[in-house]
Amino acid sequence: MLNRHALSATFLAAMTLVACGPAGDEANEETQPPTEMIVAQDVEQRLARFAPTELTADLSAVPEGERAVLEPLVSAARLMDEIFLRQVWRENPEMRARLETLDGPGAEAARVYFGHNFGPWDRLDEMEPFVGETPHPAGAGFYPSDMTKEELEAAAAADPELGEALRSLTTVVHRRDGELVAVPYSEEYSEWLEPAAEALRAAADATPNASLERFLRSRADAFASDDYYESDVAWMDLDSPVEVTIGPYETYEDGLFGYKAAFEAFVTVALEEESAALDRFKSRLPWLERNLPIPEEHKNLSRGTESPIRVVDVLFTGGDTKAGVQTIAFNLPNDERVREEKGSKKVILRNVLRAKFDQILLPIAERVLPPGQAAAVSFDAYFAEVLHHELSHGLGPGKILVDGRETEVRLELRELYSTLEEAKADVMGVYDILALIEEGELPAEIVSSLEPTYVAGLFRAARFGVHEAHGQGVVSQFNYLLERGALTVDEEGRFRAVSDLFPGAIRELLAEMLMLQATGDYEGTATFLDRYSQPSPELLAAIDRLADVPVDIRPLYPQAR
Numbered sequence: 007m008l009n010r011h012a013l014s015a016t017f018l019a020a021m022t023l024v025a026c027g028p029a030g031d032e033a034n035e036e037t038q039p040p041t042e043m044i045v046a047q048d049v050e051q052r053l054a055r056f057a058p059t060e061l062t063a064d065l066s067a068v069p070e071g072e073r074a075v076l077e078p079l080v081s082a083a084r085l086m087d088e089i090f091l092r093q094v095w096r097e098n099p100e101m102r103a104r105l106e107t108l109d110g111p112g113a114e115a116a117r118v119y120f121g122h123n124f125g126p127w128d129r130l131d132e133m134e135p136f137v138g139e140t141p142h143p144a145g146a147g148f149y150p151s152d153m154t155k156e157e158l159e160a161a162a163a164a165d166p167e168l169g170e171a172l173r174s175l176t177t178v179v180h181r182r183d184g185e186l187v188a189v190p191y192s193e194e195y196s197e198w199l200e201p202a203a204e205a206l207r208a209a210a211d212a213t214p215n216a217s218l219e220r221f222l223r224s225r226a227d228a229f230a231s232d233d234y235y236e237s238d239v240a241w242m243d244l245d246s247p248v249e250v251t252i253g254p255y256e257t258y259e260d261g262l263f264g265y266k267a268a269f270e271a272f273v274t275v276a277l278e279e280e281s282a283a284l285d286r287f288k289s290r291l292p293w294l295e296r297n298l299p300i301p302e303e304h305k306n307l308s309r310g311t312e313s314p315i316r317v318v319d320v321l322f323t324g325g326d327t328k329a330g331v332q333t334i335a336f337n338l339p340n341d342e343r344v345r346e347e348k349g350s351k352k353v354i355l356r357n358v359l360r361a362k363f364d365q366i367l368l369p370i371a372e373r374v375l376p377p378g379q380a381a382a383v384s385f386d387a388y389f390a391e392v393l394h395h396e397l398s399h400g401l402g403p404g405k406i407l408v409d410g411r412e413t414e415v416r417l418e419l420r421e422l423y424s425t426l427e428e429a430k431a432d433v434m435g436v437y438d439i440l441a442l443i444e445e446g447e448l449p450a451e452i453v454s455s456l457e458p459t460y461v462a463g464l465f466r467a468a469r470f471g472v473h474e475a476h477g478q479g480v481v482s483q484f485n486y487l488l489e490r491g492a493l494t495v496d497e498e499g500r501f502r503a504v505s506d507l508f509p510g511a512i513r514e515l516l517a518e519m520l521m522l523q524a525t526g527d528y529e530g531t532a533t534f535l536d537r538y539s540q541p542s543p544e545l546l547a548a549i550d551r552l553a554d555v556p557v558d559i560r561p562l563y564p565q566a567r
C-alpha cells in the first residue's frame, strides 16, 4: 500500500501527461477550458491493492420459475452504474470516453481503476486524482462545481419552498440564469431510469412471487415519481428467494451537505437457513434500545421492530455500492417514516464477507495483533460484529427535537452525520454483543474472539483512508480506546485489547456518540472528531506494515455475464 502522507508530496512527480480535448460543463453553467489528461505512473500499483475476486451465488434454493427474474434485474442494476457515474461528477462520461482512446503503459489499468472508482479520484487516497488534475468537488455531481454552501443556504432562506427542493434527497441542483434550481431525479436521469423501470416491470411479469412483484412495480413507478415511500414499505415486506435492492439510498457521496441520495443496486439470492437462524434478534431490538447507555428521554422506543434480517449471496451489484471499497452488509431504508413504522431491513452479503475475511482480515490480524490475540480472530465473531453493526443503524436517535422543533439527526449533523453514524454502529455492535452474551442470547465463548476481531476490523477499515469521512470515525475509536487504556501498543507496535477495561470504555464511547446524535450537536460532533480523529504514529506505522495485504476486493460477477 502506498503511504498516504508521502503520496501528496510526491504525487505530481509521478505522473504522465496525455493530451486531451476540452472538458464540457452543463448548459447555462460555466464551462472549463481545454486541459491535459494526466495519468499517475503508479496506477497499476494502485489497482493491485484490490484483489480481483469472483463472487458466485448459491442458486440451489431459487426455483427455476424465479430464475427468470435475474436477467432483467441485472440489466436494471447496470443502469444504476450509469446514473451513479454522473452523480459522482457530471463530466465523468466525457472523461471515460477520452480514456478509451488512451494508449501506452498503464492505459488499461487507468481504465479499469477509473471504472472501479467511478471517476478519476482514488477513493483510497483521500480522493486525490489519478487521472487529470481536477480537484474532487465536495458536492460531487449533485451541485454546480463552483457552488458554495453559503449560496445554497442563502437561496433556501430567501424561498423556503425552493429550499426544500434544493435540500431534497432526490433532486440535482443546477444554476440557470444565475439562479439555483432543483431538478428531480426522474427528470435528470430519465434516460436510464425509464429503461430501468421497464426492466423491473419485465421482472415483475416473470415472477410468481407476489411480494417481489409488488416491490418491483412500485419501485418502477417511484423512478418516475421520485416518491419512494410505498416501494420502501414493499421492500420491507419482500419475502422472496431473490432479494433485490435498487434505488437512491445513501448520502455519503454528497460531501458538501450529505443531502443527496446516490443510486445503487444489489441483486442477490436469499440464504433461508442462515437468515432463519438470526430471526431471534428481531425480538430483542426493543430490549437493546432500552439498554442503551443514555437517558430515557433520548431513547427511540417508537420505531418499528419488524426489522427483517436477511443473509444473502451477491449475484451482481451496481452504482454506489460498487465504487471503491465493497459493501459487506447494509441497513435500509433510510427514510425515517418507514423506520418509525416498520423498522429497517438488515442484509448481510455472505460471499463478500467470507472473501474479505479470508483474503484480508486474517492477514491483517497476523501483522497488527499479538500472536495470542491474532489466533483468536474468528469468522463467527466477524459475522456477529457485522450483523450487530447493521442492527445498530436501526437503534438510537433518529427523529429528534432541537430547540423545540422536530428534525432528524441526519439533517442536524449534515456532512458529519455519516462519519459519526458509522462509528456509532461499530461501537454499538460490540456493546450489544456483550449485552446479549450477559443475557445468555449469545455463547460466552465468543468473548475471547470478539475484542481482537473488532480491533483487526478497525485496521481493515482504517486502510480505506484515515482522513476521509469513515476513516475519521475509525481512528476516533482507536484513539478513544487508547486514551481509556482499553487498547495498548507494545514495543513491536502491536495493538492489544485490554479485556478488563474494554467493555467500560466501549460503553463510555457509545454514550458520548449517542448524546451528540440525540441533541443534534453539530459543533460538539466537530469538536469530538477534531480531538480523536488524528492518526497516531503507531497507527500509521502499523498500517504501513500491511502494504502487501490487499486493501479490498475487486468483484467479478461470472453469473451475471
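In the working numbering, the protein residues as written are 7 to 567. Ideal placement from N, C-alpha and C gives every residue a C-beta, glycine not left out.
Problem set entry | Start-to-end residues for the alpha helix (DSSP H) that takes in residue 319 | Segment 315-325 is the beta strand (DSSP E) holding residue 319; no alpha helix (DSSP H) there.
For this session: Note down the Cα distance separating residue 215 from residue 485, rounded to an integer number of angstroms.
Result: 49 Å
Problem set entry | Complete alpha helix (DSSP H) runs within the region 399-479 (minimum length 4 residues, chain order) | 415-419, 423-444 and 453-468
For this session: Give the secondary structure of residue 40 by DSSP, where H, G and I count as helix, E and B as strand, and everything else as coil.
Result: Only weak support is given to the placement of residue 40: the predicted model assigns it a pLDDT of 38, under 50, and the question is left unresolved by the model.
Exercise. With respect to the beta strand (DSSP E) encompassing residue 189, which residues constitute its N-terminal and C-terminal limits?
Worked result: 185-190
Exercise. Looking at the unbroken alpha helix (DSSP H) that takes in residue 6, where does it start and where does it end?
Worked result: With the chain covering only 7 through 567, there is no way to say anything about residue 6.
Exercise. Taking DSSP as the reference, what is the three-state secondary structure of residue 253?
Worked result: strand
Exercise. I think residue 480 touches residue 492, with their Cβ atoms under 8 Å apart; what is that distance to the nearest whole Å?
Worked result: Their Cβ separation, rounded to whole angstroms, is 15 Å, which puts residue 480 and residue 492 out of contact at 8 Å.
For this session: Using the Cα positions of residue 212 and residue 77, report the straight-line distance between them to the nearest angstrom.
Result: 11 Å
Problem set entry | Residue environment, residue 257, which counts as buried when at least 16 other CB atoms sit within 10 Å | buried
For this session: Give, in chain order, every unbroken run of the alpha helix (DSSP H) that is at least 4 residues long and sits entirely within the region 139-208.
Result: 155-164, 166-172 and 191-194
For this session: Quick one: using the 10 Å Cβ neighbour count with 16 as the cut-off for buried, is residue 154 buried or exposed?
Result: exposed
For this session: Just grab the DSSP bridge partners of residue 503 for me.
Result: 493
Exercise. So what's residue 366 in DSSP terms, helix, strand or just coil?
Worked result: helix
For this session: Report the residue from 537, 57, 160 and 512 whose alpha carbon sits nearest the alpha carbon of residue 298.
Result: 512
For this session: Taking residue 84 as the reference, give the member of 248, 432 and 273 with the closest Cα.
Result: 273
Exercise. Alpha carbon to alpha carbon, how far is residue 237 from residue 338?
Worked result: 12 Å
Exercise. Can you check whether the CB of residue 288 is closer than 8 Å to the CB of residue 313?
Worked result: yes
Exercise. Assuming residue 56 contacts residue 142 under a Cβ cut-off of 8 Å, what Cβ separation, rounded to an integer in Å, is found between them?
Worked result: That pair is no contact at about 19 Å.
Problem set entry | Nearest neighbour of residue 351, chosen from 375, 396 and 560 [CA to CA] | 396
For this session: If I'm right that residue 452 touches residue 371 with Cβ under 8 Å, what's the distance once you round it to whole angstroms?
Result: Contact flag wrong, Cβ pair sits at about 16 Å.
For this session: With DSSP as the reference, please indicate the residues paired to residue 352 in a beta bridge.
Result: 315 and 337
For this session: Measure the C-alpha to C-alpha separation of residue 332 and residue 558 and round it to an integer number of angstroms.
Result: 7 Å
Exercise. With burial defined as no fewer than 16 other Cβ atoms inside 10 Å of the residue's Cβ, what is the status of residue 531: buried or exposed?
Worked result: buried
Problem set entry | 6 Å CB neighbourhood of residue 191 in its chain, flanking five on each side removed | 176 and 232
For this session: On the DSSP bridge assignment, give the partners of residue 560 in chain order.
Result: 58
Problem set entry | Beta-carbon proximity of residue 548 to residue 374, cut-off 8 Å | yes
Exercise. By how many angstroms is the C-alpha of residue 440 removed from the C-alpha of residue 449?
Worked result: 10 Å
For this session: Say whether the region 425-433 touches the region 351-365, bearing in mind that this needs 3 or more beta-carbon pairs closer than 8 Å, one atom from each stretch.
Result: no
For this session: Could you work out which residue in 207, 186, 523 and 418 is closest to residue 82 when comparing CA atoms only?
Result: 207
Exercise. What number of angstroms, rounded off, separates the C-alpha of residue 343 from the C-alpha of residue 301?
Worked result: 24 Å
Exercise. With 16 as the cutoff for other CB atoms within 10 Å, does residue 458 come out buried or exposed?
Worked result: buried
Problem set entry | Continuous alpha helix (DSSP H) stretch holding residue 529: start and end | 528-538
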